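**Q** Quick note on numbering: the sequence shown equals residues 339 to 404 in this note's numbering.
Pasting in a structure now, in structure tokens, and then I'll have a few things to ask.
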Amino acid sequence: LVEMSPQNYFKKLRLNALHQSITQNPELTLIYQIAEELGFFERGHLASDYKQLFGYFPSETFKNRT
Numbered sequence: 339l340v341e342m343s344p345q346n347y348f349k350k351l352r353l354n355a356l357h358q359s360i361t362q363n364p365e366l367t368l369i370y371q372i373a374e375e376l377g378f379f380e381r382g383h384l385a386s387d388y389k390q391l392f393g394y395f396p397s398e399t400f401k402n403r404t
């Protein structure tokens, strides 16, 4: 069992929600519009947190979606 602070747990949930939105919403044109709805307001922090979790940046997910 890996212990995680509540703040990190909820951030991870929000990052996963963003990832899912990017990959499953073909109408999405602005990543940061949905990111702000999920509570991410600092793009630099978002990009680094996202890359740490998924191994690539949100923009790469956006470009490579099917």
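Built from N, CA and C at the ideal position, the CB exists for glycine as well.
Keep in mind the model is a prediction, meaning the values are calculated, not measured.
Ordered along the chain, which non-local residues of its own chain (more than five positions away) have a Cβ less than 7 Å from that of Leu-353?
**A** Closer than 7 Å at Cβ, skipping near neighbours: Asp-387, Tyr-388, Leu-391.
**Q** Establish whether the CB of Tyr-394 and some CB of chain C are separated by less than 8 Å.
**A** Among the protein chains of the structure shown there is no chain C, as only one such chain exists.
**Q** Which residue's Cα is closest to the Cα of Asn-402: Ala-355, Pro-364, Ala-373?
**A** Asn-402 has its Cα closest to that of Pro-364, out of Ala-355, Pro-364, Ala-373.
**Q** Taking the Cβ atom as the reference point for each residue, do Phe-309 and Ile-360 lie within a distance shorter than 8 Å?
**A** Nothing can be reported for residue 309, as the shown portion of the chain is limited to 339 through 404.
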